[in-house]
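S.K.:
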Amino acid sequence: MRPSFRKMIFGALLSVAPVLWKCATAPGEEIHLDRPASIFPDYAGISIPPNIAPLNFAVLDPGERVDVRIETRKGDAVRISSRTGEIRIPFKSWRLLLDRNRGDTLFIRISVLAQDGRIRHYRPIENVVAVDQIDPVLVYRRIKHNFIVLGNMGIVQRNLENFDEKTVLDNKRLRNCMNCHSFDRNNPDRMLFHMRGVQSAGMILAQNGKVEKINTATPFNPAAAYASWHPSGKWIAFSVNQVKQFFHARGYNRDVLDLSSDLILYDIEKRQVTASPVTASADFMETAPAWSPDGNTLYFCRAPQIPRGTAIRDCFRDIRYDLMRIPFDSTTGAFGSVQTLLAASETGKSASFPRVSPDGRWLLFSLAEYGHFPVHHPGSDLYALDLKTGLQRDLEVNSPMAESAHAWSSNGRWIVFSSKRDDGFYARPYISHFDSLGKASKPFILPFENPHRHESDLHTYSVPELITGPVPYGSGEIFRAAKGSKTISATLDPGVKVDSETGASEKSLWEMAPYF
Amino acid sequence: MSSRIRIAVWSLFITAACYAFFLKNVGPDLVFQYQQPVFFWGGGFFRFLALQPGGLLAYAAAFASQALFFPVIGAAVLTLILTCGSFLSLRVLCGRTSGTVRDLFFAGALAVLFLIYCQYSHTLSAGLGYMLQLALFLIYVRSGRFAVYVPLAFLSYVLSGACHFYFALLCVIHTFLGSSGKLRAETGGVSVISHDQVIRDGRTAPLRVGGDAPATRFIRGLLCAATAFGIAYLGSRIYRVSPAEAFICPLLTLPAGGSVSLWHAGYVILPVFMVLSGILRFKSASPNAREGNHRLLAASTLGIACSMLAVLCTGETEMKKILKIEVAGRERRWDNILSTAKTMKEPHIRTAWQVNRALYHLGRLPGEMFSFEQAFGTSSLVFSQALSFRMPFQRRDIFLDLGHVNEAQHWAHEETAPIGDHPENLRVLALVNLAKGQYRTAARFLNNLNQTILYRKWAQRCALHLREGKWEDPGGVIARITGQMPSSDFIVNLEYPERDLERILESNPKNKMAFEYLMAHYLLTCRLGRLVQNICRLNDLSYEGIPKHYEEALLVYCEQSGKSQSRFCGRDISDKTRKRFAEFRSVIRKYGGDGYAAESELREKFAGTYWLYSMFENPFAAGNP
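Taken in order, these protein sequences are the chains called B and D. Using the numbering used here, the letters of the first sequence map in sequence onto residues 1 to 516. Using the numbering used here, the letters of the second sequence map in sequence onto residues 517 to 1141.
Listed below in C-alpha cells is the structure:
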C-alpha cells in the first residue's frame, strides 16, 4: 500500500510542527545577572597566550541552550551555540581572534535559555590576550597512580597551538619506569630522561640528532636523577638520590623522602662524572640543581644528612631543605663556596626545585611542610625570589592544594606548573603569564578539545616542560636506543676520591640507608 | 513428524542443553568474576583499544563480556558464540568432504570448543577472533582469489590483530592443497558424489581439484603467508607495538590459569583436517542429505555429551567454589561464603581470607573462626606486600572494611596496573574519597563509572547525593567507613600490615573490626601474651562476656604461664569453657601427655576449638597445647 501524496505532506507537516512552533514562539523574559556564568575549566580573568589552542569549556549553569559570543573591542566576534553546554570554539576563528587582538581583552558573553523559557545573560568574562607567545610544545609525563606495581606511563608532547598529543616514549614495549625528563633551555633537540628498572635502565640523552643510552652510575654515585643543563652545553648537573617511598594512614597517602643525596657534574663530551666536596658532602643531602642563565651560579637545595640508623618515622617531618647557591667557574669547572639563599629555619618550610628565569632575574621554587617532594604535600606553594633585591614572596597562582614542578617558557613570560587544585589528587598542568615585575596572572589549566576530559581523566600529568618545538626524535629512534644493548658507561673523574678525606659522600652511604 | 522438524528439534535440544549447562554448571557470573572484564562507553576506552592491533574485536568482546555478569544472559551469549563457532567450523569442514571422517572431526571440534567455553579463563575476544577468522576464510574460499585475500587479511588484522595468522594459515593450506571443489560446488548448485566426481545439471562430471597447477598454488600460498607476515610487520609499525605484540597478541595470549593446550587443540583441529583431507582424499558420503544430517547430528550430540561428561568429571570444581565465594564476597552474601567454604576439599588462601571476613561481618569471628580451616600466620586476615601483588583487590577490600581507607585507596590504585580501570576498583575509590571528604576526586570516579554498563546506576544514585560539594550519605554507608577510620596519622607498614591493626586501634579504639582482626592475628600466631594485654579492649567495644576463642586462648595462656587467673578485666571465663578445657586436658593425660596420640579423639570431641589449632597447626607447639 502506497501512502497518498496528500498524506505524505500532512505527515511531514505534523513532524516539523513542534520545531516550527518552537521557532515561532517569542523569546521569554530576559534577565541580566551581575555575575559571570560558571564555566569549567575556569577560563575567567586569565591571560591567554596568543598562540594557544581554543580554550573550549562547558557552561555549568543549567539550561536548554547556551549561546556564547566571544568578542573584542575591535568588533571581531565568534558565536557558538550548544544544547549540552559544551562550547567548542572553531579553530580558525579563534586563531584569528587572538592574532588580531594581542594585548587586548576578549569578552566572553554567555546567555543561557532556561527551562522556564527565560534567557539569562551573564556578566561577560574578560580575558586578556597577552602579547608574549608561549612555547608551542608542552612535554609531560602521563602516569597512573600506582606506586609499587609498574603500570603504563609515557612521556608525551602536546602541541599547545592545537590539540595534538604525541608520545615521545611510553613503556608499552619496555615495561620500564621513566622519569625526570629535562631539556637544555627549552631546546627540543637537547633532551634527557631516565629509564629505571631491571632491564634497559639508563639515561637517554638525545642531542644533535643522536640518541644514546648512558649509565651514569659510577663507583662514587648511583644513577643520576634531577638534571640541569649548563648553558655552555658542556655539563649537566645532576642530583643522585636514594629515594624512599612511604604511605600515610591519613590525608594524602603517598609520600617520598630522600635518604641521602649529592650533586654531581656530568661532562657531556668526556662522558665523565665529577663531584666536588662542597656539593657532595657527607654531612648534607644536596639535590635539585639549577643553573643560572649565565652558567656562573648553581642553585640547589640542601638539608642535613639523616643520621645513620634513624627511623624515618621519627624524623621525616623535621627534614627541611635550605635554598642554596654556589659560584661556578665555567672555564675551570671549579665551584666556589656555598651560600645560603633561604634558610629553612627562617621560613619554617622546606625549599625544593629552584628554577631561574631565562633573564636571570627571578628564581622560582616550591616551599612545602617538609622534604623534597612538594607534589605530595597539599600545602606546597610556589614562591618567587627576586635575585636583584633578594625579596621573596608567594606567587598569586597558589591554591590550597599542591603546586609544584614549575618550568619557564624560553622567553620567561610564561610559567607552567603542576597543580592539584582540581581535586587535591590528580596533578594537572596550569599555565600562567609572568610579567617583568614578577607578577603572575591567574593560571589556567591545559586546554583539551573535549572540555570534560579533565573531569574523568584518571592520569596525573607530572613535570610539565615547555619547549620551543616538537621533539625531533621519533619514538622508534628513542625506543631503539633505550632497548639496545649499547650502553655507554660514564667514567668517574680520577680526581674524585671516594673516601671521607675529600668530604665527598662515600659509596657505602648508599648502602647503609636509614630504616623505618 | 518430518525429518526436517526432527532435526530442528534435536538441534534446538542440543543448544538448550548447552545453555543449561553453561548456566548451571559453568556459571557465567563466575567467568565474569575470574576475568573481570572492563568496558566503558565513550571515546576514551574505544580509542585506547582501537590503537592496538585487535583492539576493535577486544572492544566488541569487552562489551559482550558485560553480559556474563548476569548468568541468564551470559549463558545465552556463551551458547550463541559456541553455536556460531561450531556452525562456521562445520562450514569449513564441509568445504573439504562430507563423509564420516568429517563428522568425526566435527564432533571433535565441537567437543573441544565446548570444553574451551567451559573454562573460566576463556575470553570472549578469543572466541570472537576464532569465529571471525573462519568467516573470512569462508569468504576467501568462496571467491578463491588472491585479490580478495589481501583486503580480507588487512581486515582481519585490523579487527583481531595477530589472530589473522589463523586466517592466513587456513588460506595457505587451502591454497597449497587446492579446494576439493565441494564448497564451491555446493554453492554453485552442484553436488559432490566422490572425491573426483560431481553431479552438475543432473549429469556426472569430473571434479577439478584446486583448479590451478600445483606450482601456481604453491606460489599463491607463499604469497598468502608472506602477506600475513607483511601485514603484521606493518601493524607493528603503525600501532607502534613490539614484534611480540604484533605477531602474537592476542593469538596465543591466554589469561593465566587457562588450559593452553586445549585452546591450541581448538586451533589445530581444522588445519589438521584440511591437511589430512588434502593428502588422503577422504571418501565423500553418498549425496543422501537426510542420512548425512542425521549422522552429523549424532556426531554433534556425541561430542557435546562427551565434553559435558568430561567437564563434570574433571571440571574446575575447586576453582568454581573459590569464584563462588568471591562473587558472594563482592555481593556481601556472608552466609553463602561460609556454606560454600564448608564444601571445599582443600583450604585456599583466597577463600580463607573471605571466610574470616564473612565471619567478622556475621559477628562470629571470635567464636567460630576455628570451626573453619585456618593456616598458621596471618595471611588469611591481611596480606603481606608479597601476597598483595598477587591479590591487590583482596587487600583493598579488607582495608576498606577495616576503615584503613588510605591503604584501600593505595591498593585500588595498584590494581589498575594489571587490570586497568576496573569499575569495582573505581567504586572503591569513589567510596574512599567520599569517606575522606574529597568529593571532587570522588566525582571524577563517579564520572567514569557513569560510562560503565554495570555500575552506571550506582554512580548516578551517588551523584544525586553529591550535590554542591556535600555528601548526603543515604543509608549511612560513608558514616560507617569514617567511624572506623584512624583518627591520627601513622606510616603504613607494608611488610607487616597486621602491625597497622595495633596503630588503627590506638588511634580509634572503637574500631571493632581492627580489634577482632588483631586478636585473630594473635590467636593465629599464638601470641597469647599480646592477646591478654589487649583483652581489656573488650570493655571499649561493649562485648558481653569473653568471646569463646578468647576464653580458650586465655585458658591456654594460664596453663602455660602457670597462673590460675579466671578473671580478666572484670570478665570471667565461663564455667562451660573451663569445664571443656579440663576435659581436653584429661583426654591428653589419658594418652600419657602425648598430644599426637590423642589427636583423633581430640579432633572428634573438641572440633572448632582454639586448643586444636594451637596444638596441631602451630609449628612450635610440637603436640602440646
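The C-beta atom is built at its ideal place from N, Cα and C for all residues, glycine as well. Here the structure is a predicted model, which is why all the values come from computation and not from measurement.
Beta-carbon within less than 6 Å of A868/D's beta-carbon, same chain only, minus the 5 sequence neighbours each way: which residues are those?
M.R.: Excluding positions up to five away in sequence, the list reads S896.
S.K.: At 8 Å on the CB atoms, spell out the chain B contacts of Q1076/D, in chain order.
M.R.: In chain order: nothing, as chain B lies at least about 33 Å away.
S.K.: State the beta-bridge partners of V68/B as determined by DSSP.
M.R.: Bridge partners of V68/B: I80/B, I110/B.
S.K.: Since D283/B and R960/D should fall inside the 8 Å C-beta cutoff, what is the C-beta to C-beta distance between them, to a whole number of angstroms?
M.R.: Contact flag wrong, Cβ pair sits at about 44 Å.
S.K.: Would the region 261 to 276 of chain B and the region 391 to 407 of chain B be scored as touching if the rule is three or more Cβ pairs under 8 Å?
M.R.: Flag = no, the region 261 to 276 of chain B and the region 391 to 407 of chain B do not touch.
S.K.: Taking contact to mean at least 3 C-beta pairs separated by less than 8 Å, is the region 913 to 927 of chain D in contact with the region 1000 to 1008 of chain D?
M.R.: Yes: at least three Cβ pairs fall under 8 Å.
S.K.: Taking the C-alpha atoms as reference points, what is the distance between K1028/D and L1054/D?
M.R.: Looking at the two C-alpha atoms, the distance is approximately 9 Å.
S.K.: Taking CB distances under 7 Å as the criterion, tell me whether D1005/D reaches chain B.
M.R.: Interface residue, yes.
S.K.: Using three-state DSSP, classify V1008/D as helix, strand or coil.
M.R.: In the structure shown, V1008/D sits in coil (DSSP, three-state: anything other than H, G, I, E or B).
S.K.: How is P863/D classed by DSSP in three states: helix, strand or coil?
M.R.: Here P863/D sits in coil by DSSP.
S.K.: Using a Cβ-Cβ cut-off of 7 Å, state whether S462/B counts as contacting chain D.
M.R.: No - not a single Cβ of chain D is within 7 Å of the one on S462/B.
S.K.: Is the beta carbon of F681/D closer than 7 Å to that of A744/D?
M.R.: Yes, the pair counts as a contact, with Cβ atoms nearer than the cut-off.
S.K.: Checking 7 Å against the spacing of the C-beta atoms, do L263/B and A249/B come in under that value?
M.R.: Contact flag unset, no.
S.K.: Does the beta-carbon of A729/D have 16 or more other beta-carbons within 10 angstroms, so that it is buried, or is it exposed?
M.R.: The residue is exposed, with fewer than 16 neighbouring Cβ atoms inside 10 Å.
S.K.: Beta carbons nearer than 9 Å to chain D: which residues of the region 248 to 263 of chain B have them?
M.R.: Within the region 248 to 263 of chain B, the qualifying residues are H248, A249, R250, G251, Y252, N253, R254, D255.
S.K.: Under 8 Å: do the region 938 to 948 of chain D and the region 422 to 436 of chain B share three or more Cβ pairs, one atom per stretch?
M.R.: No, they do not touch.
S.K.: What is the residue span of the alpha helix (DSSP H) that E923/D lies within?
M.R.: Note, E923/D: alpha helix (DSSP H), 921 to 935.
S.K.: Could you tell me the alpha carbon to alpha carbon distance between P514/B and A224/B, rounded to whole angstroms?
M.R.: Confidence is the limiting factor: at P514/B the pLDDT is only 36, short of 50, which leaves the residue's position unreliable and the question unanswerable from this model.
S.K.: Determine which residues share a DSSP beta bridge with H454/B and list them.
M.R.: Its beta-bridge partners do not exist; DSSP assigns none.
S.K.: Return no unless some Cβ of chain D is closer than 7 Å to the Cβ of F425/B.
M.R.: Chain D contact via Cβ: present.
S.K.: Look up V59/B in the DSSP assignment and say whether it is helix, strand or coil.
M.R.: Residue state, collapsed to three classes: strand.
S.K.: Taking Cβ positions only, does E930/D come closer than 7 Å to chain B?
M.R.: Yes, E930/D lies at the interface with chain B (some Cβ there is under 7 Å from its Cβ).
S.K.: Using the C-alpha atoms, what's the distance from Q199/B back to A625/D?
M.R.: A625/D and Q199/B: Cα-Cα distance of roughly 42 Å.
S.K.: Given that N146/B touches chain D, what residues does it touch there, using C-beta distances under 7 Å?
M.R.: Those within 7 Å of N146/B in chain D are H929, E930, T932, A933.
S.K.: Below 9 Å on C-beta distance, what does F246/B contact in chain D?
M.R.: Those are I1007, V1008, L1010, listed as they occur along chain D.
S.K.: Mind pulling the chain B residues with CB within less than 8 Å of L957/D?
M.R.: The sequence given here has Thr at residue 957/D, not Leu. Going along chain B in sequence order, the residues near T957/D (Cβ under 8 Å) are D423, G424, F425, Y426.
S.K.: Taking K166/B as part of the alpha helix (DSSP H), name the residues at either end of that continuous run.
M.R.: Looking at the DSSP string, K166/B is not in any alpha helix (DSSP H); the run it does join, the beta strand (DSSP E), is 165 to 170.
S.K.: Let me know the secondary structure DSSP gives C315/B once reduced to three states.
M.R.: Note: C315/B maps to helix in three-state DSSP.
S.K.: How about A351/B and L298/B: do their beta carbons lie closer than 7 Å?
M.R.: No, these two residues do not count as a Cβ contact at 7 Å.
S.K.: Which residues bound the beta strand (DSSP E) around Q649/D?
M.R.: No beta strand (DSSP E) contains Q649/D, which is instead part of the alpha helix (DSSP H) from 640 to 659.
S.K.: DSSP on E842/D, reduced to helix/strand/coil?
M.R.: The answer is helix: DSSP assigns E842/D an H, G or I state.
S.K.: If I'm right that L364/B touches A384/B with Cβ under 8 Å, what's the distance once you round it to whole angstroms?
M.R.: At roughly 6 Å, the Cβ-Cβ gap stays under 8 Å, so L364/B and A384/B are in contact.
S.K.: Does C634/D pass the burial test, meaning 16 or more other C-beta atoms within 10 Å, or should it be called exposed?
M.R.: Looking at its Cβ environment, which holds 16 or more other Cβ atoms inside 10 Å, C634/D is buried.
S.K.: Assuming I785/D and F621/D make a contact with CB atoms under 8 Å, what is their CB distance in whole Å?
M.R.: Their Cβ separation, rounded to whole angstroms, is 7 Å, which keeps I785/D and F621/D in contact under 8 Å.
S.K.: Compare the C-beta of E403/B with all C-beta atoms of chain D and state if any pair is closer than 7 Å.
M.R.: Closer than 7 Å: no.
S.K.: CA-CA distance, E940/D and N964/D?
M.R.: Cα-Cα distance, rounded: 11 Å.
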